[in-house]
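Numbering (the numbering used here), first residue to last: 3 to 604.
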């Protein structure tokens, strides 16, 4: 230690930084034990010795000059002195680096450039652990390629964040490629269990031996009966005030209809008779609704009675009216086993006991229409208009997905069943054709199924430790921070995985260009961050609040990172480090063709 040149002394000490005075700039370059040490400025490591074996490690964040008088006299000449500011990284104790300081240096302590063997310890280059990967070289040390321990990196949630064109997608693909390269030489790649939600078809280079790639809209069908209440809410997106209870009761009625072929018929008959006896406004409109309900029943006796239903005045002669009521009541009794007068309480009780699963979208549509009918016969004429957007959304789902996502094709359902086995190391869902609302449904649905599966497995056999890594591409599109009412269900599964997934072996890798739009809860549960260039103040402010590892100087630096450079902070990284991602082999699928070239193309 004593033979190494000191580059300066400390003249200010704070908990978050130190200031060093450099009196002789010639000392910034020197030879020590055959190695040339050169101070490179910002990001350089420096060492303050406690003893020969214990050292404080700092990183330079600022350089400046300051004029000081040669003597104290005011008229004396001035000389310039160089000052460095540095932030604490950690301590080396007996050749082992530990992040963070428990003690601090003193004013007057000498400052040294960090030795090569100490830099190796800091960056874990001395770590012989085979389960490590590298993403690129240090920005300030060209010859150093930090080793990232796989166990540390993939046993926490991770975020890869950066504006468009900053290199985040390349980094995500590089991360996957490094895992494949490492596992293919050490273990069985198909045990990796990576599930990638690919929004922009960017994960095309995974070897087919380890890959199960599914075009969701063309090749896979989700069994309707596997959807639960939260799935339907994410899919239909009802407003919480009026539409949500209508949707829930519509699902329950749809469930009752799907479990009993007679249920719809006697319910229609009951509603028609209830409307006839209790609704006294708009008699012509009332007759049209009653006719529509009873014509759907397909009963000869009831159809014969309808012939006596006056189309002009919407009434019966006295004798015909009694016969009309009697025939309907007999029909209800025959199909349901209940008297007409009992039906109101029976229907309410049945709806309360039914669950929210249906076997087809048509049952849902019919169930909601029936719920609105119940509201109308009670005198609530506004319910249907308040739910017009709900019905439009359901109609759109039926027309859009009845032959795709919710197709009853045995082949597509078999694909779904095979996918859920996750027999390949990497499962890529191509979901570029889904809009943002359907992305929320699809991703949260699969997370729920996987979460339930893992909970059941871990509960039945605690020795099973299989795990899944979920890559959520363009995560801000479907893990979007919403107001409380909107997010009550749409974010629930993501937040549950963020908070409890580690316990059941489920880890998320969020890839996003808009951290300011991500769920604060989900982002705050990430322990590792790979941060590319971000310049939006809203995004930076969100990161300031959600990432405890970042300092203000690092946040400022993020705005000026070059494309392909990234700041790595978190549990998996020995120190916050800026690296240049080695992503040449991963391509740049998001690059934009220059207009000057596009305009010349024929």
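We put the CB at the ideal spot given by N, CA and C, even for glycine.
### Query
Alpha carbon to alpha carbon, what distance is there between residue 580 and residue 543?
Along the chain shown, one-based indexing puts residue 543 at 541. Along the chain shown, one-based indexing puts residue 580 at 578. For residue 543 and residue 580, the distance between alpha carbons rounds to 20 Å.
### Task
Would you please state the rounded distance, in angstroms, between the beta carbons of residue 528 and residue 161? I believe it to be under 8 Å.
For the purposes of this step, residue 528 is taken as the residue at position 526 of the chain shown. For the purposes of this step, residue 161 is taken as the residue at position 159 of the chain shown. 5 Å between Cβ atoms; contact.
### Query
Between the stretch 426-444 and the stretch 201-215, are three or more C-beta pairs nearer than 8 Å?
Output reads yes: the stretch 201-215 touches the stretch 426-444.
### Query
In three-state DSSP terms, what is residue 57?
For this step, residue 57 is matched to residue 55 along the chain shown. Three-state DSSP puts residue 57 in a strand.
### Message
Measuring only the C-alpha atoms, how far is residue 350 from residue 373?
### Response
By one-based count along the chain shown, residue 350 stands at place 348. By one-based count along the chain shown, residue 373 stands at place 371. So the alpha carbons of these two residues sit roughly 11 Å apart.
### Message
Closer than 8 Å is the cut-off here; do at least three beta carbon pairs connect the stretch 257-272 with the stretch 329-338?
### Response
Taking 8 Å as the limit for Cβ pairs, the verdict is that the stretch 329-338 does touch the stretch 257-272.
### Message
Nearest by alpha-carbon distance to residue 149: which of 184, 172 and 396 is it?
### Response
Residue mapping note: residue 149 aligns to position 147 of the chain shown, counting from 1. The closest CA to that of residue 149, considering only 184, 172 and 396, is found on 184.
### Message
When you compare the CB positions of residue 254 and residue 356, do they come within less than 8 Å of one another, or not?
### Response
As a position in the chain shown, residue 254 is number 252, starting the count at 1. As a position in the chain shown, residue 356 is number 354, starting the count at 1. Yes.
### Message
Can you tell me where the alpha helix (DSSP H) holding residue 1 begins and where it ends?
### Response
Outside the displayed span of the chain (3 to 604) sits residue 1, for which this structure offers no information.
### Task
Give the DSSP bridge partners of residue 420, in chain order.
Along the chain shown, read from residue 1 onward, the residue named residue 420 stands at position 418. Looking at the DSSP assignment, residue 420 forms no beta bridge with any residue, so it has no partner.
#### Entry: Expected contact under 8 Å - CB spacing of residue 368 and residue 266 to nearest Å
Position 366 of the chain shown, counted from the start, is the residue given in the question as residue 368. Position 264 of the chain shown, counted from the start, is the residue given in the question as residue 266. Residue 368 to residue 266, Cβ: 7 Å. Contact.
#### Entry: Status (buried if at least 16 other CB within 10 Å, exposed otherwise) for residue 219
As a first step, residue 219 must be located in the chain shown, where it is residue number 217. Buried: at least 16 other Cβ atoms inside 10 Å.
### Message
What does the alpha-carbon distance come out to for the pair residue 19 and residue 545?
### Response
Indexing the chain shown from 1 puts residue 19 at position 17. Indexing the chain shown from 1 puts residue 545 at position 543. Near 21 Å, if we compare the C-alpha coordinates of residue 545 and residue 19.
### Query
If you follow the beta strand (DSSP E) that residue 271 is part of, which residue opens it and which one closes it?
The count along the chain shown starts at 1 and reaches residue 271 at position 269. In the DSSP annotation of this structure, residue 271 is not part of any beta strand (DSSP E); the continuous alpha helix (DSSP H) holding it starts and ends at 265-280.
### Task
Just the C-alpha distance for residue 588 and residue 141, rounded to the nearest angstrom, thanks.
On the chain shown, position 586 is the one that residue 588 refers to. On the chain shown, position 139 is the one that residue 141 refers to. C-alpha of residue 588 to C-alpha of residue 141: approximately 19 Å in a straight line.
### Task
For residue 363, count neighbouring Cβ atoms within 10 angstroms of its own Cβ and tell me buried if that reaches 16, exposed if not.
Reading the chain shown from its first residue, position 361 is the one you call residue 363. With 16 or more Cβ atoms within 10 Å of its Cβ, residue 363 is classed as buried.
### Residue interval of the alpha helix (DSSP H) (run including residue 299)
Here the question's residue 299 lines up with position 297 in the chain shown. Looking at the DSSP string, residue 299 is not in any alpha helix (DSSP H), and its letter there is neither H nor E.
### Task
Rounded to whole angstroms, what's the CA-CA distance from residue 121 to residue 151? Just pull it up for me.
Here residue 121 is taken as the residue at index 119 of the chain shown, counted from 1. Here residue 151 is taken as the residue at index 149 of the chain shown, counted from 1. Distance between the alpha carbons of residue 121 and residue 151: 17 Å.
### Query
Taking the alpha helix (DSSP H) that residue 455 falls in, what are its first and last residues?
Residue numbering aside, residue 455 sits at position 453 when the chain shown is read from its first letter. First-last of the alpha helix (DSSP H) with residue 455: 438-462.
### Message
Is the beta carbon of residue 238 closer than 8 Å to that of residue 249?
### Response
By one-based count along the chain shown, residue 249 stands at place 247. By one-based count along the chain shown, residue 238 stands at place 236. Yes, they are a contact pair.
### Query
Using the rule of at least 16 other Cβ atoms within 10 Å of the residue's Cβ for burial, across every protein chain shown, is residue 601 buried or exposed?
Here the question's residue 601 lines up with position 599 in the chain shown. So residue 601 ends up on the exposed side.
### Query
What residues in its chain sit with their C-beta under 6 Å from that of residue 87, if we drop five residues either side in the sequence?
Along the chain shown, one-based indexing puts residue 87 at 85. Excluding five sequence positions before and after residue 87, the CB atoms of its chain that fall closer than 6 Å to its own CB belong to 19, 21, 63 and 64, given in chain order.
### residue 7, enclosing alpha helix (DSSP H) - first and last residue
By one-based count along the chain shown, residue 7 stands at place 5. The continuous stretches of alpha helix (DSSP H) do not include residue 7, and DSSP gives it neither H nor E.
### Query
When the distance is taken between beta carbons, is residue 95 closer than 8 Å to residue 54?
Here residue 54 refers to the residue found at position 52 when the chain shown is read from its first residue. Here residue 95 refers to the residue found at position 93 when the chain shown is read from its first residue. Residue 54 is not a Cβ neighbour of residue 95, given a cutoff of 8 Å.
### Query
With a CB to CB cut of under 6 Å and the five nearest residues on each side skipped, what residues in its chain are close to residue 526?
To locate residue 526, count along the chain shown from 1; it is residue 524. So the qualifying residues of the chain are 548.
#### Entry: Pairwise C-alpha distance: residue 179 and residue 208
In the chain shown, counting from the first residue as 1, residue 208 sits at position 206. In the chain shown, counting from the first residue as 1, residue 179 sits at position 177. Straight across, the Cα-Cα distance linking residue 208 with residue 179 is about 7 Å.
### Message
Taking the beta strand (DSSP E) that residue 432 belongs to, which residues open and close that run?
### Response
As a working mapping, residue 432 is identified with position 430 in the chain shown. Where residue 432 is concerned, the enclosing beta strand (DSSP E) starts and stops at 428-432.
### Message
Considering only DSSP beta bridges, list what residue 23 is partnered with.
### Response
Counting from 1 along the chain shown, the entry for residue 23 is found at position 21. Beta-bridge partners of residue 23 (DSSP): 11 and 85.
#### Entry: Unbroken stretches of the beta strand (DSSP E), 3 residues or longer, contained in the stretch 166-233
Segments of the beta strand (DSSP E) lying fully in the stretch 166-233: 196-200 and 213-217.
### Message
Does residue 159 come out as helix, strand or coil in the three-state DSSP assignment?
### Response
Along the chain shown, one-based indexing puts residue 159 at 157. It is coil, neither helix nor strand.
### Given 8 Å, three or more beta-carbon pairs between the stretch 490-500 and the stretch 436-455
Yes, since at least three Cβ pairs between the stretch 490-500 and the stretch 436-455 fall closer than 8 Å, the two stretches touch.
### Task
Quickly, what does DSSP pair residue 511 with across the bridge? List them, please.
As a first step, residue 511 must be located in the chain shown, where it is residue number 509. Looking at the DSSP assignment, residue 511 forms a beta bridge with 160 and 473.
### Query
Quick one: what does DSSP say residue 121 is sitting in, helix, strand or coil?
Taking the chain shown and counting its residues from 1, the one referred to as residue 121 is at position 119. It is helical.
### Query
How about residue 508 and residue 469: are their beta carbons less than 8 Å apart?
As a position in the chain shown, residue 508 is number 506, starting the count at 1. As a position in the chain shown, residue 469 is number 467, starting the count at 1. In this structure, the beta-carbon distance from residue 508 to residue 469 falls below 8 Å.
### C-beta contact flag for residue 585 and residue 40 at 8 Å
Here the question's residue 585 lines up with position 583 in the chain shown. Here the question's residue 40 lines up with position 38 in the chain shown. For the 8 Å CB-CB criterion, residue 585 and residue 40 do not form a contact.
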